[in-house]
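Numbering (my numbering), first residue to last: -17 to 194.
We put the CB at the ideal spot given by N, CA and C, even for glycine.
(1) Could you tell me whether the Cβ atoms of residue 19 and residue 46 are closer together than 8 Å?
(2) With distances taken Cα to Cα, identify the nearest neighbour of residue 43 among 51, 56, 0.
(3) Just the Cα atoms here: how many angstroms apart are residue 194 and residue 13?
(4) Considering only their Cβ atoms, is the gap separating residue 145 from residue 107 smaller than 8 Å?
(5) Specify the secondary structure class of residue -10 as computed by DSSP and reduced to three states.
(6) Is there contact here, the stretch 88 to 98 with the stretch 52 to 69, by at least three beta-carbon pairs under 8 Å?
(7) Please report the straight-line C-alpha distance between residue 165 and residue 147, rounded to a whole angstrom.
(8) Which term fits residue 97, buried or exposed, when burial requires 16 or more other beta carbons within 10 angstroms of its beta carbon?
(9) Starting from the Cα of residue 226, find the closest Cα among 129, 48, 6, -4 and give me that residue.
(10) May I ask you to report which of helix, strand or coil DSSP gives residue 49?
(11) Are the CB atoms of residue 99 and residue 131 within a distance shorter than 8 Å?
(12) Check for me: the alpha helix (DSSP H) holding residue 147 runs from which residue to which?
(13) Three-state secondary structure (DSSP) at residue 179?
(14) What is the rounded straight-line gap between the Cα of residue -2 and the Cα of residue -9?
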C-alpha cells in the first residue's frame, strides 16, 4: 500500500489545493497512490469529514498535523484529544523533546520532516544544538526539497538507524505523489498507520507513474 504522508490543502495558510482536487488529480493521472495524509500547518483539522471522497475515489484520506519546534518541523500522526491538550499546535517554538515524548505518551508518532532543509529541518539544528532523544524516524524523501537536502536526511537516517518515510509536501494539486511511503500491510485507519510507523514497517519511495 502506498500513501503520500505529507500534503497540505487550503486549510494550511500556504496551501492552494482542495482535497477533492487532489483526489481528482490522482484519478486523472492514474497515480499509484492508495491515499494520502493531510498534514496542515500548526493545527489539527478535527471537523472535516472526507469519507464521502474516500468512497467516491477509492482512496484512504487521513488527517495529521505539521507542528513547529526549535529543531524544525515535525509531522504528528495519531493526533487525539490528550495530545492536543499536551502542547500548543499553533506555537512555532515547541521543544522537540517534548513533542516526541508527548506524542509517544499519547499513542501518536512524531516524525521530523524535511530534516535536510535549512532553518526548518532537523539536521542543521542537530549539529548546533546537539542530539535529542526520542527520534526514531525522519522524512528522507520530501517533494519540496532542494538539491542535497534529501541526501543529507538519508545520511542522518542511515547514521542513526532511523526509520524512513516519504511525502510530497504538496501545496498545489500537481505535486501530490512526488514521493510517498510504501507499507507491506493494507491500512484502513490512522491507528493502522501509527502501528506501522511505530514498528518501522515502511519505506520511503518515489512512486513509478505509468506512461501508458
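The short version:
(1) Inclusion of residue 19 and residue 46 in the CB contact set at 8 Å is warranted, their separation being smaller than that value.
(2) Of all alpha-carbon atoms in 51, 56, 0, the one lying nearest the alpha-carbon of residue 43 is that of 0.
(3) Bear in mind that a pLDDT of 45 at residue 194, under 50, signals an unreliable position, so the number given afterwards is only what the model happens to contain. Straight-line Cα distance between these residues: approximately 12 Å.
(4) In terms of Cβ geometry, residue 107 and residue 145 do not form a close pair [threshold 8 Å].
(5) DSSP places residue -10 in coil when its eight states are reduced to three.
(6) Touching, yes, given that three or more Cβ pairs across the two stretches are closer than 8 Å.
(7) Approximately 10 Å, taken between the alpha carbons.
(8) Buried, by the Cβ-count rule.
(9) Shown here, the chain extends from -17 to 194; a query on residue 226 therefore has no answer.
(10) Three-state DSSP puts residue 49 in a strand.
(11) Contact flag set, yes.
(12) Unbroken run through residue 147 is the beta strand (DSSP E), 145 to 149; no alpha helix (DSSP H).
(13) Residue 179: helix per DSSP, three-state reduction.
(14) Straight-line Cα distance between these residues: approximately 6 Å.
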